[in-house]
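Everything on this sheet refers to the single structure shown next.
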Amino acid sequence: MNPFRHKIISAIFALAFVIMMQVMTSGEPVFRYLVPTFFGFLVAMTIYNWRYLLSIGGISFWILARVPVFVLIWFGLIFIVPFGFVRSLFLFASLPIIFVFETLVANKGQQLGWNLFLLSLASLLIGLFGFHYYFPLSGLLYLGLVFLGVTVLVRISVDAVPHSESVKWFASLVIGLFAAELFWILQFLPLHFSVLAILCFNILYLLWAIYYHYLYQSLTRRQIQFNLLLVMVFSFIILISSPWTIQG
């Protein structure tokens, strides 16, 4: 397929997402129309990506899944993002983000994989912590969603790792299970859900980065020290700058 044509179609998908979110969530959000419309959009994007990857010979299930999975997670944020300036900023950011990821759907580079994983993980955690705060449904439901979401994201991120499928799945399931336990533990802290999501992200990032380099047999003591220091400093800043109040 012509690369320029692919960029045009990617821009159409990105613009369609923004228009759909703006039109269907302005004023009184009509979720019974929004959700089916979005899933129709997601199916159309997935079918197009499948045909595009097939045409260039770069098809694989996890490469195909990573952009639709990100868009699905990104869509979940619309339910917790407040109206007004923040909602406008979210939609404004959605346009270039979806366009870039969709344009590079066939890219197997490590840097793109890292960026896509980290943004997907951060969005997933903010979304689920936010849903748990605003929509306090069964705790087991959210634990299951955290486990499933993190497991899938990690599995996508390690697809190119030169190991067997069983090793990749083991790494994904271990981090997914740890994420679910961490999600449950952090609920006891009297902090805003966004702070809890950031703390959870920091810890999972550290574990994932160490595991990722270990699987590539490129893990060094300096990498562990740097990532550990980065996570500790960032988490400390978040904790001391956040008011400790009981939620709800």
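Counting in our numbering, the sequence shown runs without a single skipped number right up to 267 at its last residue. Built from N, CA and C at the ideal position, the CB exists for glycine as well. Note that the structure is predicted; figures quoted are calculated from it, not measured.
Through-space distance from Ile229 to Val171, alpha-carbon basis: 18 angstroms
Thr44 - DSSP class collapsed to helix/strand/coil: DSSP places Thr44 in helix when its eight states are reduced to three.
Separation of Trp81 from Thr122, as counted between CA atoms: 16 angstroms
Outcome for Ala190 when other beta-carbon atoms lying within 10 angstroms are tallied against a minimum of 16: buried
Alpha-carbon to alpha-carbon, Phe109 and Leu96: 9 angstroms
From Leu162, Arg174 and Tyr71, residue whose alpha carbon lies closest to that of Leu135: Here the closest residue by C-alpha is Arg174.
Any 3 or more C-beta pairs closer than 8 angstroms across the segment 179–195 and the segment 238–248: Touching, no, given that fewer than three Cβ pairs across the two stretches are closer than 8 angstroms.
Pick from Ser176, Val100 and Val88 that is closest to Gly128, judged by C-alpha positions: Ser176
Buried versus exposed, by CB contacts within 10 Å (16 or more), Tyr231: buried
Classification of Asn21 by the beta-carbon crowding that lies within 10 angstroms, buried from 16 upward: exposed
Gly95: first and last residue of the uninterrupted alpha helix (DSSP H) it sits in: Phe80 to Gly95 is the extent of the alpha helix (DSSP H) around Gly95.
Meets three-Cβ-pair contact criterion under 8 angstroms: the segment 58–69 and the segment 148–156: Because the criterion of three Cβ pairs below 8 angstroms is not met, the segment 58–69 and the segment 148–156 do not touch.
Ala30 - DSSP class collapsed to helix/strand/coil: In the three-state reduction of the DSSP assignment, Ala30 falls in the helix class, which pools H, G and I.
Ala125, DSSP secondary structure in three states: coil
Secondary structure of His182, DSSP reduced to three states: coil
Coarse secondary structure for Thr65, derived from DSSP in three states: helix
Span separating the alpha-carbon of Ala33 from that of Phe118: 5 angstroms
Residue burial classification, Lys26 (beta-carbon count within 10 angstroms, cutoff 16): exposed
C-alpha gap between Leu83 and Glu184, whole angstroms: 17 angstroms
Sequence-distant residues of its chain with Cβ nearer than 8 angstroms to Trp203 (five each side left out): Gly158 and Leu162
Contact check, Gly146 vs Phe166, beta carbons under 7 angstroms: no
Cα-Cα separation between Arg24 and Ala35, rounded to whole angstroms: 16 angstroms
Boundaries of the alpha helix (DSSP H) in which Thr170 is found, first to last residue: Gly158 to Ser176
Residues near Ile257 in its chain [Cβ-Cβ closer than 7 angstroms; skip 5 each side]: Val214, Ile217 and Leu218
Proximity winner among Leu238, Phe197 and Tyr235, relative to Leu223 (alpha-carbon distances): Looking at the Cα atoms, Phe197 is the closest of the given residues.
Within 7 angstroms, strictly: CB atoms of Ser261 and Leu210: Note that the C-beta distance between Ser261 and Leu210 is below 7 angstroms.
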